[in-house]
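S.K.: Residue numbering for the sequence shown follows our numbering, starting at 181 and increasing by one per position. Every residue gets a Cβ at the ideal spot worked out from N, C-alpha and C, and that includes glycine. Small disclaimer: the values here were computed from a predicted structure and weren't measured.
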Amino acid sequence: GLVVSANMDRETTHPARVAVNFTDFIVAPMFVALTSLLPPAQSCCDLLDENRTQWATLLEENIKAQASLSDEARAHQLETLERRSSAFHDVLMTIAHQSSGKTEVEA
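(1) Along the chain, where does the alpha helix (DSSP H) containing Ala-213 start, and where does it finish?
(2) Is it true that the region 237-253 meets the region 210-229, where meeting means three or more beta-carbon pairs spaced less than 8 Å apart?
(3) Between Phe-268 and the rest of its own chain, which residues show a CB-CB distance below 7 Å, the 5 nearest in sequence each way excluded?
(4) Reducing DSSP to helix, strand and coil, say where Asp-204 ends up.
(5) My guess is that Ala-236 and Ser-265 are in contact by the Cβ rule of under 8 Å, so how many angstroms apart are they, rounded?
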């Protein structure tokens with residue numbers, strides 16, 4: 181058979197982690213740039229923010245449920261996820277709102 185592609189191995193990859201990473205590093209920067217060129221695209225950023233929140237919740241549940249993680253590793257992963265979620269919402273979404281002319285980001 182074919183070699184399993186990166187991020188597609190069911191044994192080692194969790195879909196929520198892939199979705200959060202893809203959103204943070206590929207989709208969100210592109211949408212923020214798009215919003216600066218086309219302010220009505222802000223609605224896409226708002227939906228992206230909601231979508232990422234749902235994936236982050238699933239990822240958090242997955243991290244908490246992983247029996248193979250030590251307490252220290254679990255705490256580190258949860259802290260990293262929280263930091264990235266805060267940066268996503270507080271930085272990227274704020275930039276998107278400013279680019280579109282909105283002044284506030286909903287909590």
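M.R.: Checking against the coordinates, here is how it stands:
(1) 208-217
(2) no
(3) Asp-204, Ala-208, Arg-232
(4) helix
(5) 5 Å
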